[in-house]
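For the sequence shown, the positions run 1 to 364 when the UniProt record's numbering is used. Here's the structure, in structure tokens; my notes come after.
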Amino acid sequence: MIRCPATVPDRHFARLAGHLRALRGAARLTQRALADDANISRGAVQRAESGTAPPTAAVLNAYLRACGAGPADQDKARRLHALGRTAQRGKLPGLKAPAPHLVRDARDFSLVLAAAYERAGAPPLRDFDRPGRARVPLATASRIVNRQALPSSRQQLITFLTVCGIPPAAQRPYLDAYHHVTSQRSTRPAPPRRQLTQLIRRTHPLPLAHGGPDTGAHYDFDRLAAGIRPVLEALTAYHARYDVNRLAAGIRPAVEALAAHGARYDVDRLAAGIRPAVEALAAAPAVRNAPAAATAGVQVFADALAVMSRSAIQEAHRNGTTPPDWITATNLLTHGMGFARPDGPPPELPAAPAPVPPPPAPAA
Numbered sequence: 001m002i003r004c005p006a007t008v009p010d011r012h013f014a015r016l017a018g019h020l021r022a023l024r025g026a027a028r029l030t031q032r033a034l035a036d037d038a039n040i041s042r043g044a045v046q047r048a049e050s051g052t053a054p055p056t057a058a059v060l061n062a063y064l065r066a067c068g069a070g071p072a073d074q075d076k077a078r079r080l081h082a083l084g085r086t087a088q089r090g091k092l093p094g095l096k097a098p099a100p101h102l103v104r105d106a107r108d109f110s111l112v113l114a115a116a117y118e119r120a121g122a123p124p125l126r127d128f129d130r131p132g133r134a135r136v137p138l139a140t141a142s143r144i145v146n147r148q149a150l151p152s153s154r155q156q157l158i159t160f161l162t163v164c165g166i167p168p169a170a171q172r173p174y175l176d177a178y179h180h181v182t183s184q185r186s187t188r189p190a191p192p193r194r195q196l197t198q199l200i201r202r203t204h205p206l207p208l209a210h211g212g213p214d215t216g217a218h219y220d221f222d223r224l225a226a227g228i229r230p231v232l233e234a235l236t237a238y239h240a241r242y243d244v245n246r247l248a249a250g251i252r253p254a255v256e257a258l259a260a261h262g263a264r265y266d267v268d269r270l271a272a273g274i275r276p277a278v279e280a281l282a283a284a285p286a287v288r289n290a291p292a293a294a295t296a297g298v299q300v301f302a303d304a305l306a307v308m309s310r311s312a313i314q315e316a317h318r319n320g321t322t323p324p325d326w327i328t329a330t331n332l333l334t335h336g337m338g339f340a341r342p343d344g345p346p347p348e349l350p351a352a353p354a355p356v357p358p359p360p361a362p363a364a
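Quick look at the structure:
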């Protein structure tokens, strides 16, 4: 006796095929007539009723419409289709996913989502990126189903569960598990206090003089004065209005040069960096500016660097790391800008001679 293909063992879609044949019989349609009504080929009808391969979603929906299937019959057909796909892929038993309310960490939740995807019959990944809801890009969906990532938001999780056939009323355990896992990932214990202290106290080899290591000596104010002196002399020699922004823009190359040079102090680089500020001020004749005003202007820039330094040091302390190297370069400037020093006040710069007005022209 020749057996129907749908009754042969290991036909994963045999139950779906039997259900479809029953629907066609109840509608009193032949395969040819159903193919015409559904606008699909007769071969597609035969393959769907053979149980050897799953019909596509488009073929299944057209078959059900042509048979006039009700909501219950349509749900049963889609459920049998998903069961057949799950059995055909054979991945669900090996996952051994826990129940959503027993999820402990991200690994458990990845298994839960992968199991939900397999139970849904592994729907096409493009279904997760449909308009009308929070979209899950194809790359993200692929990483989720392969247990390489989790949804990036609660809305993406709802989309994933909806596509996997989990109704809103049954999504609460999954959402609670997602909240549990993400709250764990966002909480990172702080490093031990002892370790923080050791990292922060570690010193950097900083040459304060050319070729010499940092041995605890104070900052060399004479070198700073030698670098700033051209600014003071230029401001006293020209009529220029003080401009904080233009001065900061001129000093910026000096700071960058110090940071890029391994935090090594270099008078020539500092002077070359400040030179654009001098030229910018000299190009705009205005009220005469005294050395005291220039010193106050440099102090404004130094205060800004000090704020940046404190912020970066605090961030490094919270992360249990050492401050970045540019902090040391910044301190070279901020430590010499008029702060009280244990080695006494800084030497005063000699005032530049006032400009002499030209003699009046002889009368004609």
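From the three backbone atoms N, C-alpha and C, an ideal C-beta is built for every residue, glycine too.
Comparing alpha-carbon positions, which option in the options lies nearest residue i?
i           : options                            : result
Arg-89      : Ala-38, Arg-11, Ala-106, Phe-128   : Arg-11
Asp-105     : Arg-126, Leu-150, Arg-172, Ala-116 : Leu-150
residue 403 : Ala-120, Gly-25, Lys-96            : With the chain covering only 1 through 364, there is no way to say anything about residue 403.
Arg-185     : Gln-171, Thr-159, Ser-152          : Ser-152
Ala-82      : Ala-139, Arg-107, Ile-40, Ile-166  : Ile-166
Phe-109     : Thr-140, Thr-182, Val-45           : Thr-182
Arg-21      : Ile-40, Asp-36, Ser-41, Val-45     : Val-45
Glu-118     : Pro-173, Arg-107, Ala-97           : Ala-97
Lys-91      : Asp-75, Val-112, Gln-74            : Val-112
Arg-28      : Gly-68, Gln-314, Ile-40            : Gly-68
Is the beta carbon of residue j closer than 9 Å to that of residue i?
i           : j       : result
Arg-143     : Tyr-178 : no
Gly-70      : Ala-14  : no
Ala-77      : His-19  : yes
residue 370 : Arg-24  : As displayed, the chain neither begins before 1 nor continues past 364, which places residue 370 out of reach and without an answer.
Pro-124     : Asp-176 : no
His-180     : Val-103 : yes
Cys-164     : Ala-134 : no
Arg-79      : Ala-114 : no
Val-136     : Thr-159 : yes
Ala-38      : Ala-66  : yes
Pro-55      : Arg-47  : yes
Arg-85      : Ala-122 : yes
Where does residue i land, buried or exposed, given buried means 16+ other C-beta within 10 angstroms?
i       : result
Ala-53  : exposed
Pro-205 : Interpretation of Pro-205 is limited by its pLDDT of 46, a score under 50 that renders its predicted location unreliable; no figure is taken from the coordinates.
Ala-141 : buried
Glu-49  : buried
Ala-62  : buried
Arg-107 : exposed
Gln-156 : buried
Arg-201 : At Arg-201 the pLDDT is 41, less than 50, meaning the model places this residue with poor confidence; the figure from the coordinates comes in the next sentence. By the neighbour-count rule (16 or more Cβ atoms within 10 Å), Arg-201 is not buried but exposed.
Leu-138 : exposed
Phe-339 : Its pLDDT being 38, under 50, Phe-339 is placed unreliably in this model, and the value from its coordinates should be taken loosely. The residue in question, Phe-339, is exposed, as its Cβ has fewer than 16 Cβ neighbours within 10 Å.
| field | Ranges of the alpha helix (DSSP H) found wholly within the stretch 118-150, counting only runs of at least 4 | value | 138-145
| task | Quick one: which unbroken alpha helix (DSSP H) runs of 4-plus residues sit fully inside the UniProt domain "HTH cro/C1-type" (20-74)? Chain order, please. | result | 31-38, 42-50, 57-67
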